[in-house]
Amino acid sequence: MSTQPRPGQNARLIVPRLVQPNEEFAVRLLIQHPMETGFRRDDSGKPIPANVIETINMEFEGETLFKGHVLNALTANPSITVMMSSKKSGSLRANWRDQDGNTGSISAEVKVVGA
Amino acid sequence: MVLTAALAAPWWLPALDTFAQTSARPLDERVRTAKIERGGLSLDIPVVVETGTSVPVVLFADTSKLKEGVRVERLGILAPKNPRPVAMEIELGKWMAQARITTNIRLGASQSVIGVAQLSDGSYWQHAINVVLTGSACYDGT
Amino acid sequence: MLAHSVRNTRVASVLFYVLFYVVTCPPSSAQSPSRPYATDQLRSGASFMAQHLQKQQADDDQNPAMLWVDSGRALFERDCKTCHTEARGLATKLPRVTIDSTTKKERVITLESQINTCRSTRVKTQGANASTPYALESEPLLSLASYLAFSSRGMTQEIAANITQTVSWQRARAMFFAVQGKLDFSCAACHDKIAGKRVRTQAISQGHGVGFPAYRIEWQTVGSLNRRLRACFFGMEADVPAASDPILPALELYLAWRASGLPIEAPALRR
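Residue numbers (numbering that gives the first Met the number 0), protein chains in the order written: chain A, 0 to 114; chain B, 0 to 141; chain C, 0 to 270.
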């Protein structure tokens, strides 16, 4: 089992390379996580304990882009896409935590033309 | 008697659910008493899906239909027949260019999936779409 | 009178078996065997999926398998760079047939088994896991396989000209045409004959493996072609071979021959 990474360590945060000031663009967060519901059983019939991502916080320059409070029914390896816009360049950062206490984070730079 | 009890406390009431308690009052409890109005809300979800393990959803609240000074605070999705009926709830921050969220959710059964937008004046927009789960061609036990 | 009817029954049953054989047996491999689909008629599994999945498959940003590609790339940089400067094209050489030096028997090498061969013979990794092959369907094996397949996207698999002469190919072809399971199916009955028709709401694909390893919605994770084939046997309600059964690599080889000309699109998104 040591070869299996801890859930939530591997992620992608996708933003366009360059955007215009105040242009609306998509921010996509993709996290590798099994999102175990707790309703499944393994091959021997034992229930697999629930472990889903409880919270996701996405911030741009220290201010909230969005906060995920309840994420019960997100699929395994969930993706969330939202639209944002900004006048100035800055860094985008996402943090998340699952029920087992595993945390993860990823950041990306948003580059705005001329700012 | 049984019926009244069932009506008073629907089995899907997420008050019983430890997860939904992460926000002070579970979303569907809040919207249960709210006036149902579609407003500018649109829910884009396929009406027939093969596997409930991943169903694409786009929830979009058209902010041009808001009253002056009112903003969309939260977007949520309810799946009443899922074991945990509050599928997701997301608070929107100031950087959001649109009240739009695109993701994939799990559905445990054919059901009416409800999109909810909570507005800053305390009202709600709601829109529901009936999704039919058909099952895949070949069962997979691997 | 009785003898007469017994003989009639016997004639009838012999006739029945002859007919049955004619209907179900694979076309004779004495002549050069022909593929069920001409190259320009080949369609990958993607084109048989529901529209929303096709959209998701077409956009790598929406394909969770790219997370496996990321970790596979890191593993490749760490372990494989000494021998392989370039990842592109490596996956096109597989699956292929080799003769085992000790047993003198044929063996089919798949992408996954080649990674493990490299790992146990060439890779010098420090620590507790040094030089041990990865378990089938384990995260690092799927990651490396996904990355290698990803690096060869758009290329076609190289199929040796004499592939149809090999025992593995012939065994796999016999298996592909064998009627088995509770539902009386063969692989060919669906994927050669009625591709495009529906079972419940799903369209039957032509049964090509070019998208694997793939992220399957049903598995909610990335899986190998080996696992997909076992799932096929399960779906047919037939005996599911063990993951280590040599028939599975042989079938991978047969599928590659059957799909030759179709570009690799792994790691794909599949339903």
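C-beta: ideal position from N, C-alpha, C; glycine also.
>> Under 8 Å, CB to CB, which of the residues in the segment 59-91 of chain A have a partner in chain F?
In response: The structure shown contains no chain F; the protein chains it does contain are A, B and C.
> Out of curiosity, what's the CA-to-CA distance linking A:M175 and C:N115?
Replying inline: One cannot answer for residue 175 of chain A here, as it falls past the ends of chain A, which runs 0 to 114.
> C:D238 to B:T102, Cα distance in whole Å?
Replying inline: As a position in the third sequence, residue 238 of chain C is number 239, starting the count at 1. As a position in the second sequence, residue 102 of chain B is number 103, starting the count at 1. C:D238 and B:T102: Cα-Cα distance of roughly 38 Å.
>> I'd like to know whether the C-beta atoms of B:L106 and B:G140 end up nearer to each other than 8 Å.
In response: Here residue 106 of chain B is taken as the residue at index 107 of the second sequence, counted from 1. Here residue 140 of chain B is taken as the residue at index 141 of the second sequence, counted from 1. Cβ atoms of B:L106 and B:G140: not closer than 8 Å.
>> What does the alpha-carbon distance come out to for the pair A:N50 and A:M34?
In response: Here the question's residue 50 of chain A lines up with position 51 in the first sequence. Here the question's residue 34 of chain A lines up with position 35 in the first sequence. A:N50 and A:M34: Cα-Cα distance of roughly 6 Å.
> Along chain C, which residues have their Cβ under 7 Å away from the Cβ of B:D120?
Replying inline: Position 121 of the second sequence holds residue 120 of chain B. Taking a Cβ-Cβ cut-off of 7 Å, B:D120 has no neighbours in chain C, whose nearest Cβ is about 34 Å from it.
> Taking the DSSP output, what are the residues bridged to A:A25?
Replying inline: One-based indexing of the first sequence puts residue 25 of chain A at position 26. A:A25 pairs with A:M82.
> Going along chain C, which residues have a C-beta under 7 Å from B:T52?
Replying inline: The residue given as residue 52 of chain B occupies position 53 in the second sequence. Those are I216, E217, Q219, listed as they occur along chain C.
> With C-beta atoms as the reference, is C:S145 less than 8 Å away from C:A265?
Replying inline: If you number the third sequence from 1, residue 145 of chain C lands on position 146. If you number the third sequence from 1, residue 265 of chain C lands on position 266. A contact, by the Cβ cut-off of 8 Å.
> Mind checking if C:A230 is an interface residue toward chain B, Cβ cutoff 8 Å exclusive?
Replying inline: Taking the first residue of the third sequence as 1, we reach residue 230 of chain C at position 231. Yes, because at least one Cβ of chain B sits closer than 8 Å to the Cβ of C:A230.
>> For a cutoff of 8 Å on Cβ pairs, would you count A:E23 as touching chain B?
In response: Mapped onto the first sequence, residue 23 of chain A falls at position 24. True, the Cβ-Cβ gap to chain B drops below 8 Å.
> Ordered along the chain, which non-local residues of its own chain (more than five positions away) have a Cβ less than 7 Å from that of C:K181?
Replying inline: Residue mapping note: residue 181 of chain C aligns to position 182 of the third sequence, counting from 1. E236, listed in sequence order.
> How far does the alpha helix (DSSP H) with C:V166 in it reach, from first residue to last?
Replying inline: Counting from 1 along the third sequence, the entry for residue 166 of chain C is found at position 167. First-last of the alpha helix (DSSP H) with C:V166: 166-176.
> Would you report the Cα separation of B:Q97 and A:N9, rounded to the nearest angstrom?
Replying inline: The residue given as residue 97 of chain B occupies position 98 in the second sequence. The residue given as residue 9 of chain A occupies position 10 in the first sequence. Computed Cα separation, rounded: 27 Å.
>> Assuming C:H190 is part of the alpha helix (DSSP H), what are its boundary residues?
In response: As a first step, residue 190 of chain C is located in the third sequence; it is residue number 191 there, counting from the start. Taken as a continuous stretch (DSSP letters only), the alpha helix (DSSP H) holding C:H190 covers 186-190.
>> Bridge partners for C:A144 per DSSP, in chain order?
In response: Counting from 1 along the third sequence, the entry for residue 144 of chain C is found at position 145. Beta-bridge pairing links C:A144 to no other residue.
> In chain order, what residues of the segment 4-21 of chain A put their CB closer than 8 Å to some CB of chain C?
Replying inline: P4, N9, A10, R11, I13
> Can you tell me whether DSSP reads C:M154 as helix, strand or coil?
Replying inline: For the purposes of this step, residue 154 of chain C is taken as the residue at position 155 of the third sequence. In this structure, C:M154 counts as coil in the three-state DSSP scheme.
> Given a limit of 9 Å on CB to CB distance, which residues of the segment 22-47 of chain A reach chain C?
Replying inline: Cβ contacts with chain C come from A25, R27, L29, I30, Q31, P33, M34.
> With a CB to CB cut of under 7 Å and the five nearest residues on each side skipped, what residues in its chain are close to B:S109?
Replying inline: Walking along the second sequence from the start, residue 109 of chain B turns up at place 110. Closer than 7 Å at Cβ, skipping near neighbours: V130, V131, L132.
> How many angstroms separate the CA atom of C:G278 from the CA atom of C:A188?
Replying inline: Lying outside 0 to 270, the shown extent of chain C, residue 278 of chain C is not represented and no answer is given.
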